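J.:
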Amino acid sequence: MNGSLAETSVLDAGDYDPIDHLNLLFSHPSAVSSISRVSKTLQSRQNALSTDISALETAQAYGSDSSLERMQSAQAELAQLFRKIETVRSRAIETEQNITSMTADIKRLDGTKKNLTLSMTALKRLQMLTTAYEQLRGLAKTRQYRECAGLLQAVLQLMKHFNSYRSIEQIATLSRGVSELQRELLEQVCEDFEMAFTKSEVGARRGTLVEACLVMDALGDSAKARLMTWYVNTELREYRQVFRGNDEAGSLDNIGRRYAWFKRMMKTHDDEHAMIFPPHWRANETLAAAFCDGTRDDFKGILERSMRRTDGNKIDVNLLLSCLQETLDFEQSLEKRFATSSRASIDTLSSMEEKTHSFHGLISVAFEPYLSLWVESQDRQLAAMIPKYRSQPLIPDDEEFSPQAVITSAIELFHFYKLTLSQCAKLSTSERLLDLSKTLAKYLDEYAQQVLLRVLQSGGPQSPTIQDVVLVLNTADFWHTNTNQLEESIKKRIDNDLVPKVDLSSQSDAFLGVASASVLALVRTVEVECESVWREMRNTNWSTMESVVDQSSYVGELVKNVDGKAAEVLEVITKPQYARAFCDNLVEHLATGYINSIVQCRPISEVGAEQMLLDKYVLTKAFEKLLMHHASLSGQDAPPSSFVRRVQQCMNRLDPLLKTLQVRPSPPEGLVQAYLIHIADRSDTNFKKMLELKGVRKLDQAHLIELFGIHRDSTSNDKLTASSPLLTPLMTSSGMGGGGGGSGMMNPATAGLSLTGSSGGPRFEAGSLGEKLLSAARDISQSSVAGAGPSGMEKATINENLRNFGKFFKRDIGAGISIAVAATAFQRTTRPSVEIGARKMHSKVVIVGSGPAAHTAAIYLARAELKPVLYEGFMANGIAAGGQLTTTTDVENFPGFPDGIMGGELMESMKKQSERFGTEIVTDTVASVDFSSRPFKYTTEFNPDETHTADAIIIATGASARRLHLPGEDKYWSNGVSACAVCDGAVPIFRNKPLYVIGGGDSAAEEATFLTKYASHVTVLVRRDVLRASNIMASRLLKHPKVTVLFNSGATEIKGGEDGLMSHLVIKNNKTGKEETVEANGLFYAIGHDPATTLVKGQLDMDEDGYIKTVPGTTTTNVEGVFAAGDVQDKRYRQAITSAGTGCMAALEAEKFIADQE
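According to the UniProt record's numbering, the sequence shown is numbered sequentially starting from 1.
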């Protein structure tokens, strides 16, 4: 242990650890006894160290090289440095004072120099002013005006410099002298002009007067205005005396003399006075403007006095128009005369400023308030024409009827309208033209109601002839088209601020309503032929029939009558659209008539019902061939498939009723179940009526009704309707009686004129509305015969119904082709003068499609003068013209619209731009194409018998997103439901809201990821237990913090709130079947698209998904001269802007192709 204590190096070690050292010293319990000795040893060691430290401190403090001495030395040096700094500061202050003093002296010297310069300049200017003033006085006295003009400008310029010195008496005196000299010069020049004109010495003193004008220029605008006012008054003094408003010379009859006087006066001015005045004064223009102002005021006074006359001799309308026309010609001559080359340019600001007067309307504005008299005269003239048109024959007696003929009065009225509009547009393009358009609109309504509609039911016992109805149909068609043309013509001529007020759309709709009523009148002619057949059917004993045969006896007669009369009607209908509308409505009415007759055949046995079902099948096959009677289908083997489907749809309405009647009442459960399956309503009354129709005894009905109630209220029948519309005839008294007709036409006595527009009212029935129109026309005719015309309220009501009728058929095109074909297809033809389908057509380029790709291609091709024809289709692929964008609300990612734009509005703008450059747009669907040889051949649905040709064809038919057709999908489409996240995801209704995506592929993953930028959370519903997306896309989707993926899940229903937007989604677990309603403000389908390539299938190469293959980087297909653009060949991007880009590519490539061929 002693040895260990001796090892002091342990204590001096840098990593000394006292614990280790103690363990070393006391490594054994016996060593504890040496603690006191160890403690002393350590204390000694400490004392020794303390002594050493004290010695070192003393040496450091008081040694020759001690820190204290160094600190004292540093303090001395710092003190010396501070003294030097103080010295420098004091010298800097002294220098600053010296510089300030020197600067002040320099400033004083500079100010003195400036004042001296100003004084010298002022003295020099004063000298020049006084000299010039004296010279000017001398020159003024000798009338040396040219020198005066230049010197006067100098004096006035110099005088401006002394405006601030007028407090000095001498300067003030000089200023007063200059002003007095100016006044003397002004008076002197005016005196010279007056003397020259009074003494007729203008020619002799012309030089002096020209120089005097220079002086007036120098004197300023007020002096120049005084001289010009004097000159104008002098020149027009005679005019004002001769043509005073209250004299005969000043009357409207002598308006020509006024303008003749002005022309003579202007000739004198040009010959004798024009050279006096400087050109920039525009003396002739000022003179003409003053003449116009005075003449306008005269005319206003004359017209006002004429209107206040009490003797009945007010303004003659013809005189008013004659005067106005002469005035307009006069204004135009002035405008032409003073529209100099410099003023004619509007490219520079200076040229615009030079134009001091506009003579257009300067005088004629006085006539504007009184043009209402002319409009009233046109009103009276039209009011007299309508009764004349009602009484005269539809076509002249010496003119034979033709299927294309239009009522003669319509042609006459149209020419009258065109002439009247043209005349009014020349007279006024403001309020009066608007008043005239309203007058014309009023009498279009009168013509539709009192002339056309009256013909359809003329008050006598005889119905109108087929020829008369066809004439009305052609005329309504004629006016429906030309009313739109009249509206456009007025809008082009009327003032821009009044354009929105011009609207003839209601009149156009009214004529469309007349056309629709005409079609129904033609249908009625066929139904009249069938009344005896329906009577035969009702007289048949259907309750005792023991077996069925191929067809009943009445069927052959019905087919014969319908076929013969329909052929007679279709022979005189020219347009395929109306032929199709006639056949559609005829089948609809015949089906309704068949149902009504069935109702009146009670009781009907099961065998009888089976026979009726067979009869229905025979009638269906016969009705499918009705359209073949039209000339447009001559040579074809089969009717259009769409018409066949339409016929089957109408006739199949009978199936539920007849199939239910076929079921025997025993066992009773079978009949009840048959009713619930086929009729599918909850009405006890309807079920009881069905039993009565079957002839079930009343004793047996109670048990069946009780059984019906039990089955009806079971959970399996919770989707039954309250009352089936199929059984409506059962609820009418005529339906269960024996004397009613079977045609399905409404009783005119009960057909009101009101239309139910609320959602709570009965369903709108087009047929019944047509009957209301015909009944109203009959009432008009009868009242006219009685001597009393319809009241204003009746006219307004009928016109409103006509418009609603036209709007209904123009809008309701989703249920198949009916009268809507006649309305929409013909209405949308952009060139009414060219009847597509009435001739074969060859085009350089044909575009099939109506979306951004199609219209972009059309714009480029039209501007290249290739006159493209664009077939936009009629409900092609179930979408209206314009493509998928028409089903979209706000479009926010199309360049050029910072505030966004509605999808339909964007497509309408594209369409207008296409039309502007000359594209011919046809509202018809291309039905077939033949790319086997050039020129390529194609046909259309409305005109399948016409084969057209084209040198090149661009296919831009697009693609449609697949949909699940969930309950609520149609209601909330574009209001929460979409098929394009990129298109609609940024719309405000989706921002910070929970959104759902349906799909499991790459598209679904991409769209869900995109939506995370805007949604609060995105949920993806995948119907399987795995994603079909690529690994990287699936991984990215599953890891995203704002995305939840629900496997084995789908949606079953879409719900919304009162604001019309989607708010909830019902989702279902496909494994457990559990359903859950979750909050969801948006649902996006990502389940793929279907390209519209059926038209070209088998002729163009396509990929496995049906998209057209194109050469990469181009729109060229495997057929030379055929190009594909837009979504029909783009399966990746499918955006409006990319479609437009490929449309441009297709147009440029088609243009090059045609150029190479030529």
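Note that beta-carbon positions come from the ideal geometry of N, C-alpha and C, so glycine has one too.
Note that this is a predicted model, so its numbers are computed, not measured.
Kindly give me the distance between the Cβ atoms of Met132 and Ala149, rounded to whole angstroms, as I take these residues to be in contact under 8 Å.
T.: In the sequence shown, counting from the first residue as 1, residue 132 sits at position 132. In the sequence shown, counting from the first residue as 1, residue 149 sits at position 149. Met is not the amino acid found at residue 132; the sequence shown has Ala there. Rounded, the Cβ-Cβ distance is 13 Å, inconsistent with contact.
J.: Evaluate Thr483 with the Cβ neighbour count: other Cβ atoms within 10 Å of its Cβ, from every protein chain shown; 16 or more gives buried, anything less gives exposed.
T.: Numbered from 1 along the sequence shown, position 483 holds the residue referred to as residue 483. So Thr483 ends up on the buried side.
J.: Please list the terminal residues of the continuous beta strand (DSSP E) segment that includes Ser948.
T.: Working through the sequence shown from its first residue, we reach residue 948 at position 948. According to the sequence shown, residue 948 is His rather than Ser. Looking at the DSSP string, the run of the beta strand (DSSP E) that includes His948 is 948-955.
J.: Below 9 Å between beta carbons: does that hold for Asp681 and His629?
T.: As a working mapping, residue 681 is identified with position 681 in the sequence shown. As a working mapping, residue 629 is identified with position 629 in the sequence shown. Against a cut-off of 9 Å, the Cβ pair of His629 and Asp681 comes out as no contact.
J.: Residue 1177: buried (16+ other C-beta within 10 angstroms of its C-beta) or exposed?
T.: Here the chain has residues from 1 to 1158 only, and residue 1177 is not among them.
J.: Excluding the 5 residues preceding and the 5 following Ala1146 in the sequence, name in chain order all residues of the same chain whose CB lies nearer than 8 Å to its CB.
T.: Here residue 1146 refers to the residue found at position 1146 of the sequence shown. Ala853, Ala857, Ile954, Ala956, Thr1115, Phe1123, Ala1124, Ala1125.
J.: Here's the rule: buried if 16 or more other CB atoms are within 10 angstroms of the residue's CB, otherwise exposed. What is Arg538?
T.: For the purposes of this step, residue 538 is taken as the residue at position 538 of the sequence shown. It is buried - the Cβ of Arg538 has at least 16 other Cβ atoms within 10 Å.
J.: Span of the alpha helix (DSSP H) holding Tyr165?
T.: Residue mapping note: residue 165 aligns to position 165 of the sequence shown, counting from 1. No alpha helix (DSSP H) contains Tyr165, which DSSP labels as neither H nor E.
J.: Of the choices Ala339, Cys424, Met612, whose alpha-carbon is the least far from that of Leu373?
T.: Your numbering for residue 373 matches position 373 in the sequence shown. Looking at the Cα atoms, Cys424 is the closest of the given residues.
J.: Just to confirm, is the Cβ distance from Ala1015 to Asn992 under 9 Å?
T.: Stepping through the sequence shown from its first residue, residue 1015 is reached at position 1015. Stepping through the sequence shown from its first residue, residue 992 is reached at position 992. Contact flag set, yes.
J.: Would a C-beta distance cut-off of 9 Å place Val698 and Ser605 closer than the cut-off?
T.: Here residue 698 corresponds to residue number 698 of the sequence shown, with the count starting at 1. Here residue 605 corresponds to residue number 605 of the sequence shown, with the count starting at 1. Correcting the residue type first, residue 698 is Lys in the shown sequence and not Val. Not in contact: Lys698 and Ser605 (Cβ atoms no closer than 9 Å).
J.: Mark residue 1178 as exposed unless 16 or more other C-beta atoms lie within 10 angstroms of its C-beta, in which case mark it buried.
T.: Because the chain spans 1 through 1158 in this model, residue 1178 falls outside it and cannot be assessed.
J.: Provide the residue(s) that pair with Pro665 in DSSP beta bridges, ordered along the chain.
T.: For the purposes of this step, residue 665 is taken as the residue at position 665 of the sequence shown. BP columns for Pro665 are empty, so no partner.
J.: Can you say whether Ser833 is buried or exposed, counting buried as having 16 or more other CB atoms within 10 angstroms of its CB?
T.: Position 833 of the sequence shown, counting from 1, holds the residue named residue 833. The predicted model places Ser833 with a pLDDT of 35, which falls under 50 and marks its position as unreliable; any figure quoted below should be read in that light. Exposed, because fewer than 16 other Cβ atoms sit within 10 Å of the Cβ of Ser833.
J.: When the Cα atoms are used, what is the spatial distance from Lys158 to Asp221?
T.: Position 158 of the sequence shown, counted from the first residue, corresponds to residue 158. Position 221 of the sequence shown, counted from the first residue, corresponds to residue 221. The sequence shown places Leu at residue 158, not Lys. About 19 Å.
J.: Under the assumption that Val663 contacts Leu707 (Cβ atoms under 8 Å), give the Cβ distance between them as a whole number of angstroms.
T.: As a first step, residue 663 is located in the sequence shown; it is residue number 663 there, counting from the start. As a first step, residue 707 is located in the sequence shown; it is residue number 707 there, counting from the start. Actually they are not in contact, since the Cβ atoms of Val663 and Leu707 sit about 13 Å apart, beyond 8 Å.
J.: Can you tell me the Cα-Cα spacing of Ile490 and Asp316, whole angstroms?
T.: Indexing the sequence shown from 1 puts residue 490 at position 490. Indexing the sequence shown from 1 puts residue 316 at position 316. Cα to Cα, Ile490 sits roughly 26 Å from Asp316.
J.: Report yes if the C-beta distance between Glu147 and Leu156 is below 9 Å; otherwise report no.
T.: What you label residue 147 is simply residue 147 of the sequence shown in a count that begins at 1. What you label residue 156 is simply residue 156 of the sequence shown in a count that begins at 1. Going by C-beta atoms, Glu147 is not nearer than 9 Å to Leu156.
J.: Start and end of the alpha helix (DSSP H) containing Ile1137?
T.: Here residue 1137 refers to the residue found at position 1137 of the sequence shown. From DSSP, the alpha helix (DSSP H) with Ile1137 extends over 1136-1157.
J.: Measure the C-alpha to C-alpha separation of Gln46 and Val38 and round it to an integer number of angstroms.
T.: Looking up residue 46 in the sequence shown gives position 46. Looking up residue 38 in the sequence shown gives position 38. Those two C-alpha atoms are separated by around 12 Å.
J.: Residue range of the beta strand (DSSP E) that Gly1050 falls in?
T.: Within the sequence shown, numbered from 1, the residue matching residue 1050 stands at position 1050. Unbroken beta strand (DSSP E) run through Gly1050: 1049-1056.
J.: Enumerated in chain order, which unbroken segments of the alpha helix (DSSP H) with a length of 4 residues or greater are wholly contained in the segment 992-1018?
T.: Counting only runs of 4 or more, we get 1002-1011.
J.: Take every Cβ of the segment 435-451, pair it with every Cβ of the segment 375-389, and state whether three or more of those distances are shorter than 8 Å.
T.: Contact between the segment 435-451 and the segment 375-389 is present, because at least three Cβ pairs lie under 8 Å.
J.: On the criterion of 16 or more Cβ atoms from any shown chain inside 10 Å, does Phe1093 qualify as buried, or is it exposed?
T.: Sequence index remark: in the sequence shown, residue 1093 carries index 1093 (1-based). The amino acid occupying residue 1093 in the given sequence is Thr; Phe does not appear at that position. Buried, since its Cβ has 16 or more Cβ neighbours within 10 Å.
J.: Quick check: the Cα distance between Leu11 and Gln60, rounded to an integer number of angstroms?
T.: Taking the sequence shown and counting its residues from 1, one reaches residue 11 at position 11. Taking the sequence shown and counting its residues from 1, one reaches residue 60 at position 60. Distance between the alpha carbons of Leu11 and Gln60 is about 25 Å.
J.: At the level of alpha carbons, what is the spacing between Glu412 and Gly361?
T.: Along the sequence shown, one-based indexing puts residue 412 at 412. Along the sequence shown, one-based indexing puts residue 361 at 361. The alpha-carbon atoms of Glu412 and Gly361 are separated by roughly 32 Å.
J.: Ala383: beta carbon under 8 Å from a heavy atom of the ligand ADP?
T.: What this structure holds is no ligand at all, so the ligand ADP is not there to describe.
J.: Name the residue from Gly851, Arg166, Ser932 whose alpha carbon lies nearest to the alpha carbon of Val1096.
T.: On the sequence shown, position 1096 is the one that residue 1096 refers to. With distances taken between Cα atoms, Val1096 lies closest to Ser932.
J.: Quick check on the burial criterion: 16 or more other C-beta atoms within 10 angstroms. Buried or exposed for Ile710?
T.: Against the sequence shown, residue 710 aligns to sequence position 710. It is exposed - the Cβ of Ile710 has fewer than 16 other Cβ atoms within 10 Å.
J.: If we count the other Cβ atoms within 10 Å of its Cβ and call it buried at 16 or more, is Leu333 buried or exposed?
T.: As a position in the sequence shown, residue 333 is number 333, starting the count at 1. This sequence places Ser at residue 333; Leu is not what is there. Ser333 comes out exposed.
J.: DSSP on Arg1024, reduced to helix/strand/coil?
T.: Numbered from its first residue, the sequence shown carries residue 1024 at position 1024. Arg1024: coil per DSSP, three-state reduction.
J.: Quick check on Val469: does DSSP put it in helix, strand or coil?
T.: The residue you call residue 469 lines up with position 469 of the sequence shown. It is helical.
J.: Could you check if Gly985 is buried or exposed, using at least 16 other CB atoms within 10 Å of its CB as the buried criterion?
T.: Numbered from its first residue, the sequence shown carries residue 985 at position 985. Its Cβ being crowded by 16 or more others within 10 Å, Gly985 is buried.
J.: Would the beta-carbon of Ala609 fall within 9 Å of that of Leu658?
T.: By 1-based counting over the sequence shown, the position of residue 609 is 609. By 1-based counting over the sequence shown, the position of residue 658 is 658. Yes. Within cutoff.
J.: Given that a residue counts as buried once 16 or more other Cβ atoms are within 10 Å of its Cβ, and exposed if not, what is Pro1112?
T.: As a first step, residue 1112 is located in the sequence shown; it is residue number 1112 there, counting from the start. Looking at its Cβ environment, which holds fewer than 16 other Cβ atoms inside 10 Å, Pro1112 is exposed.
J.: What does the Cβ neighbour count give for Ala225, buried or exposed, with the cut at 16 atoms within 10 Å?
T.: The residue given as residue 225 occupies position 225 in the sequence shown. When all chains shown are included, Ala225 counts as exposed.
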